[in-house]
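Residue numbers (full-length UniProt numbering): 1 to 286. Here a beta-carbon is modelled for each residue, glycine too, at the ideal position from N, C-alpha and C. Heads up: the structure comes next, in structure tokens.
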Amino acid sequence: MITVLGATGNVGSQVVRELRATGTPVRAVARTIGRIDGAEPWPGDMGDTAFLRRAFDGADAAFVLLPLDATTPGYAASQARLGSSVVTALREAGVPRVVALSSLGAEVPGGPDLSVTGYLGSLHEQEARLATLDARVTAVRPGMFLESFLQAAEAMRAHGVHADSIDPHVALPMVATRDVGRAAAAALLAPSAPGIVEVPGPADRTVPEVVAALGPALGLPDLSYVRLPDAEMEQVLQQAGMPADTARLHVAMNRAFNAGRVRAHDPRGDATGTLTVEEWAAGVAS
Ligand SMILES: NC(=O)c1ccc[n+]([C@@H]2O[C@H](COP(=O)([O-])OP(=O)(O)OC[C@H]3O[C@@H](n4cnc5c(N)ncnc54)[C@H](OP(=O)(O)O)[C@@H]3O)[C@@H](O)[C@H]2O)c1
């Protein structure tokens, strides 16, 4: 039996789908979760260590992640609290095999106030916590999720542009979460897997290229990309309701992208992911 955290999310839902397809028994964890064919729903909060320990009890393996809630103030503290809860519960339940969703760039220490890589600094800290377990741990390190662009769809519709602080000429590892889930499920089912699995997507792509593919799919054929100055981007995010610390971390992460700090280290291998930006956008359109 495999316990899957974040089972209704972008990646976790794909992990559940892949495991169910192989007939593997699954416990599917999220705060709100209904019936899933072939999986046991386990509703609960991963900040509740006793609940998580029960969800992990008897599991042969677990898929774990740190949910990113950009609307919660105190991002770093909240990530540390959830991350510690997950690792304590894994340790107490004695789960022997763990596959953790992380990110490219998680190998870089976050520095003071996570100023070096923004959000990704919390994943660096979580990988360090997981390394203290007496378990076989694989960190799945994907590139930027293509689905993350959909979070801005409402603003794109309202303003006719996509605004961010990533330099337009910077090509980044971009990957569909379908491919991330597949790589994580493959690692869970493999008799042995490396400690790090990079999932950078089939090719590095720029933000304007993604916007050019996504615009028509959203019915916005003229959608263009606007690179805002860092300070202005922070303000825009705060005006949209993001707490100040989270807006600062978003822009810090973008600075790390612009500086080339978030990149794949291994040549693209088996786990790289195959869905191109254009194929993914066609799926959004349909
Ligand atoms: N966006 C990117 O480009 C990118 C790139 C690389 C890595 N990542 C990493 O990927 C992770 C996010 O993965 P994702 O996009 O698959 O997540 P997601 O779609 O946001 O889903 C989060 C899942 O976790 C559950 N959840 C949230 N808070 C919970 C809590 N307190 N207790 C129990 N369950 C909870 C949610 O369900 P409920 O709300 O019902 O609980 C949902 O199932 C983050 O760690 C992020 O840093 C993201």
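So, with DSSP's three-state summary, where would you put residue i?
i    : result
V262 : coil
D245 : helix
A282 : helix
A155 : helix
V226 : strand
E209 : helix
A77  : helix
H169 : coil
T177 : helix
V140 : strand
L133 : coil
E198 : strand
R97  : strand
E107 : coil
T88  : helix
Under 8 Å, do residue i and residue j count as touching if we go by C-beta distance?
i           : j    : result
V4          : A28  : yes
T138        : G181 : no
A119        : D245 : Note that residue 119 is Tyr in the sequence shown here, rather than Ala. Their beta carbons are not under 8 Å apart, which means Y119 does not touch D245 by this criterion.
E232        : R248 : no
A89         : T49  : yes
V87         : R129 : yes
T175        : Y225 : Per the sequence shown, residue 175 should be read as Val rather than Thr. No, the Cβ-Cβ distance between V175 and Y225 is not below 8 Å.
V95         : A55  : no
residue 287 : M242 : No answer is possible for residue 287: the residues shown for the chain start at 1 and end at 286.
D230        : V207 : no
Using only the heavy atoms of ligand 1, determine whether one of them is closer than 7 Å to the beta carbon of residue i.
i    : result
G283 : no
D45  : yes
S30  : The sequence as given places Ala at residue 30; Ser does not occur at that position. Yes - ligand 1 has a heavy atom lying nearer than 7 Å to the Cβ of A30.
S103 : yes
P109 : no
G9   : yes
T177 : yes
Y119 : yes
F257 : no
L237 : no
P67  : yes
S84  : no
L249 : no
F145 : yes
S192 : no
Taking 7 Å as the cut-off, is the beta-carbon of residue i closer than that to any non-hydrogen atom of ligand 2?
i    : result
P142 : As far as ligands go, the structure on display features ligand 1 and does not contain ligand 2.
Taking the beta carbon of residue i as the centre, do at least 16 other beta carbons fall within 10 Å, making it buried, or is it exposed?
i    : result
Q79  : buried
T24  : buried
A30  : buried
A183 : buried
G201 : buried
T177 : buried
S148 : exposed
G273 : buried
Q126 : buried
V190 : Per the sequence shown, residue 190 should be read as Ala rather than Val. Classification for A190: exposed.
G9   : buried
S13  : buried
P173 : buried
A158 : exposed
E279 : exposed
G81  : In the sequence on display, residue 81 carries Arg and not Gly. Exposed, since its Cβ has fewer than 16 Cβ neighbours within 10 Å.
What residues in its chain sit with their C-beta under 8 Å from that of residue i, if we drop five residues either side in the sequence?
i    : result
V284 : L150, L214, A217 and L218
S85  : M46, G47, D48, T49 and L52
V131 : Inspection of the sequence shows that residue 131 is occupied by Ala rather than by Val. Contacts found: V137.
Among residues of its own chain, excluding the 5 on either side of residue i, which ones have a beta-carbon nearer than 7 Å to its beta-carbon?
i    : result
A187 : V99, T138, V140, A193 and V197
V16  : V4, A7, V26, A28, I36 and A39
N258 : I166, D167 and V170
R91  : L133
Who are the near neighbours of residue i in its chain, counting only those whose CB is closer than 6 Å to its CB and skipping five residues on each side?
i           : result
residue 307 : No statement about residue 307 is possible, as the shown extent of the chain runs from 1 to 286 and does not include it.
L123        : S102, S103 and A106
P43         : I33
V211        : H162, L223 and Y225
P73         : P243
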